[in-house]
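Residue numbers (the UniProt record's numbering): 1 to 453. Let me begin by presenting the structure, written as structure tokens, before commenting on it.
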Amino acid sequence: MDSSARWVLHLDMDAFFASVEQLTRPTLRGRPVLVGGLGGRGVVAGASYEARVYGAHSAMPMHQARRQVGVGAVVLPPRGAVYSVASRRVFDTIRAVVPVLEQLSFDEAFGEPVELAGADGDDVEQFCERLRRRVLDETGLIASVGAGSGKQIAKIASGLAKPDGVRVVRRSEERTLLDGLPVRKLWGIGPVAEEKLHRLGIETVGELAALDDTEVASILGATIGPALHRLAQGIDDRPVAERAEAKQISAESTFAADLTTLAQLIEATGPIAEHAHRRLQRDGRGARTVTVKLKKADMSTLTRSATLPYATADAATLGATARRLLLDPIDVGPIRLLGVGFSGLSDVRQESLFPELEQQQTEMGAARAPDAAPEPQVDGWRIGDDVRHPEFGHGWVQGAGHGVMTVRFETRSSGPGLVRNFAVDDPEVVRADPVDSLDWPDFLDRSGDDHDQ
């Protein structure tokens, strides 16, 4: 296709994890919701726009986010099975209009509608608005859509469209928009490249674009430099294509000084495992196998793996498994690089019913390792657990203590629901499939999802 005629769209679901919680639990609509780990070392996986007003955001330590939002914060554990089904319905809806999608994660994708080739900006804007309306009508979830001549511009545009909007960058606007952006906004510019450019006085994309190819190659490398230079100049002819699913998701770090004790290695594992877990969450699947890679000072490499009995996206379980696999540098020698990888990836249809118990079992034999605090739990129940009652139907645990738990009975279609209190050992209150909170029986029947009723 003529690059001057193409229109690439970037669709990004707004605050996806928190929005799904607000969709399926109507009482939470309009309230500051934080999704993530509830323990002492928990990290925010998603924050609603009501929470972002207070400065909360993804990847922030949960204790910091709770402090910033205050007593009004609603903190919930992630429900990967629910997000997976909601994501699939969103992108099934979009594919009915844009057949080829390059899906990047649970909540974002590129598309290049054939019928928009050669269209003017107004027509593209109307197309994007219709697409957003269709997603909202089908799923109850809100998308922001950006459009431009390539992936780079489209992604920047969707960021400008947030929240709940459309932004079409016309050809006449592209140069002005790009030139004024900080270089870090350019696809592929990370903190190291940003620092190199800043040291040379290059602060904006426009300043990077003004360099010649030789200068860029000497600063950023002969391989990646020219590609980034083209993007800075607004040249982006990368095709939109369906992505092959990754077989492994990992993160690793090389240390400035070799690690020589197990305590140092354990401490270093936390942020590396969290980084890999964030990638896993964005991918939308769970992992069965955890692998730890240790590169020694002599450059030899040791790897150890463990396979769980089920695929999980639970950060505490995966992190604890990684820590259990570590080897003591006293025994094997100083460590210069540590990597944590997740494989055996599959859709998580049903969350583990007792993740804390399984986490404790995973940690057996690693008593020397300081670990994440367990998620708050009372008599087997934690805030956010899905339940079912023969009279009141599907609900979720809002609180528990002193032998009593408070349950709110509601789903996506019910509106704000009734609240009832029960003894924590009431036999009529049983665990429920979280996916039932979506109340999409027709979609689940069509898509063949296998989940407990």
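Ideal Cβ placement from N, Cα and C applies to all residues, glycine included.
In the structure shown, Y83 adopts helical secondary structure according to DSSP, grouped into three states. Here L9 is bridged, per DSSP, to G111 and A147. Annotation: the region 146-187 contains the following complete segments of the alpha helix (DSSP H) (minimum length 4 residues), in chain order: 151-161 and 171-179. Membership of D331 in any beta strand (DSSP E) is not indicated; the residue belongs instead to the alpha helix (DSSP H) covering P329 to V332. For F255, the enclosing beta strand (DSSP E) stretches over residues Q248 to L259.
Exclusion of the five residues before and after M60 leaves V44 as the residues of its chain whose Cβ lies within less than 6 Å of its Cβ. Here G42 has G36 and M62 as same chain residues with Cβ atoms under 7 Å from its own Cβ, once five neighbours each way along the sequence are excluded. Within a 10 Å sphere around the beta-carbon of A276 sit 16 or more other beta-carbons, which makes this residue buried.
Looking from the CA of L302, the closest CA among V183, R279 and G333 belongs to G333. Of G384, Q281 and G225, the smallest CA-CA separation from S87 is found for Q281.
Just so you know, the alpha carbons of A96 and R170 end up roughly 26 Å apart. In terms of CA proximity to E391, F422 leads the group R382, R133, F422 and G39.
With respect to F255, V290 sits apart: the two C-beta atoms are not nearer than 8 Å. For I383 and E125, the gap between their C-alpha atoms comes out near 42 Å. For D386, the pairing in a beta bridge is given by DSSP as W396. Of the residues assessed, L160 falls on the exposed side of the cut-off, its CB having fewer than 16 other CB atoms within 10 angstroms.
Contact between L9 and G111 holds, since their C-beta atoms are separated by about 5 Å, short of 8 Å. Under the three-state reduction of DSSP output, I142 falls in the coil class, being neither helix nor strand. A244 is positioned such that its CB atom lies no closer than 8 Å to that of A117. Note that the region 73-84 touches the region 429-437; at least 3 beta-carbon pairs, one per stretch, sit closer than 8 Å.
Counting C-beta atoms within 10 angstroms of its own C-beta, E410 has 16 or more neighbours from the protein chains shown and is therefore classed as buried.
Here E410 is not bridged, per DSSP, to any residue. In this structure, DSSP gives P32 a state outside helix and strand, which the three-state scheme calls coil.
Here DSSP, grouped into helix, strand and coil, assigns L438 to helix.
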